[in-house]
Amino acid sequence: MATIPAPVNPVFCAPQMVQFVIEQKVFTISSGKFVINDAYGNHLFSVKGKISPLHTKRILCDANGNHLLLLTKKVLTMHDAWEVTSETNNGKMVFSMKKANILQLKPSFNVFLGLNTDRPEFTLKGDFFAFNYAVYYHDLLVAQVSKKLTASTFLVGKDQYVVTIQPGVDQAFVAALVVIMDQVAQDDNAQ
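For the sequence shown, this note's numbering begins at 76 and goes up steadily by one.
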């Protein structure tokens, strides 16, 4: 079996399959607030950020509130493109993500680690409109994401994603991908 890289930090990799829930507060003044807990309710990560007409930036934090990643949407590009840099390693590029092809009927997204822009290491494929997609390391399934629709989704404005992550996969990395895809979907709905 291939060794799967840990783009953020190997400390966020578990030896067993992990499931967590990402909850977004939809009707908030400061858009972009997410809370990420494991299946037992233990706090793992949070995301804070602001959206303005000029830029979209999010910060992924660990359970203690320490900044891990800065997620920045690239402006002036036809692809849905994002750059993710380390908040703990002098702004080092961790990964970039963009739509594989702007003319695809069934879109997919490519993820390039570090400064690589030639061949994607990870790919996101699935039904993004229904929020049901998978993350692959080359051809190996590493995570499955689905949106959970509940009464609270409609009544109090809470979106929830259930994420299942295979053993040895960087959970912070997958959380960042899900947050980015949520923003991509919001941007697509606004157009």
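Cβ atoms here follow ideal geometry from the backbone N, Cα and C, with glycine treated the same way.
So what does DSSP say about residue i, is it helix, strand or coil?
{"i": "Asp137", "result": "strand"}
{"i": "Phe87", "result": "helix"}
{"i": "Ala218", "result": "strand"}
{"i": "Leu224", "result": "coil"}
{"i": "Met92", "result": "coil"}
{"i": "Ile241", "result": "First, the residue type needs correcting, since residue 241 is Gln and not Ile in the sequence shown. Correct three-state label for Gln241: coil."}
Could you round the C-beta distance between residue i and residue j to whole angstroms and report it? I think they count as a contact, below 8 Å.
{"i": "Tyr208", "j": "Lys223", "result": "Actually they are not in contact, since the Cβ atoms of Tyr208 and Lys223 sit about 14 Å apart, beyond 8 Å."}
{"i": "Val186", "j": "Ala218", "result": "Contact doesn't hold; Cβ gap of about 12 Å is too wide."}
{"i": "Pro120", "j": "Ala247", "result": "It should be pointed out that residue 120 corresponds to Phe in this sequence rather than to Pro. The Cβ separation is near 6 Å, so the contact holds."}
{"i": "Asp155", "j": "Lys173", "result": "6 Å"}
Just checking residue i against the ligand FAD - is the residue's beta carbon closer than 7 Å to any of the ligand's heavy atoms?
{"i": "Glu158", "result": "Absent from the structure shown: the ligand FAD. Ligands present: none."}
Could you check where the beta strand (DSSP E) with residue i kicks off and where it finishes?
{"i": "Asn176", "result": "Note, Asn176: premise wrong, no beta strand (DSSP E); not H, not E."}
{"i": "Lys42", "result": "Coverage of the chain is limited to positions 76 through 266, which leaves residue 42 absent and any answer about it impossible."}
{"i": "Asp202", "result": "Phe197 to Asp202"}
{"i": "Thr160", "result": "Ala156 to Ser161"}
{"i": "Leu151", "result": "Unbroken run through Leu151: none, as it is neither H nor E."}
{"i": "Leu188", "result": "Ser183 to Leu188"}
{"i": "Ile111", "result": "Phe109 to Asp113"}
{"i": "Asn117", "result": "Where Asn117 is concerned, there is no enclosing beta strand (DSSP E), given that its DSSP letter is neither H nor E."}
{"i": "Val210", "result": "Asn207 to Tyr212"}
Looking at residue j and residue i, is the spacing between their C-beta atoms short of 8 Å?
{"i": "Gly144", "j": "Thr160", "result": "Before going on, a small fix: residue 144 reads as Leu here, not Gly. Yes, these two residues count as a Cβ contact at 8 Å."}
{"i": "Cys88", "j": "Gly189", "result": "no"}
{"i": "Val96", "j": "Lys108", "result": "no"}
{"i": "Lys167", "j": "Trp157", "result": "no"}
{"i": "Ala81", "j": "Gln94", "result": "no"}
{"i": "Ala250", "j": "Ile79", "result": "no"}
Please classify residue i as buried or exposed, where buried requires at least 16 neighbouring CB atoms within 10 angstroms.
{"i": "Arg133", "result": "buried"}
{"i": "Asp257", "result": "buried"}
{"i": "Val253", "result": "buried"}
{"i": "Ile104", "result": "Since pLDDT at Ile104 reaches only 48, below the 50 mark, its modelled position is unreliable, and no value is offered."}
{"i": "Leu215", "result": "exposed"}
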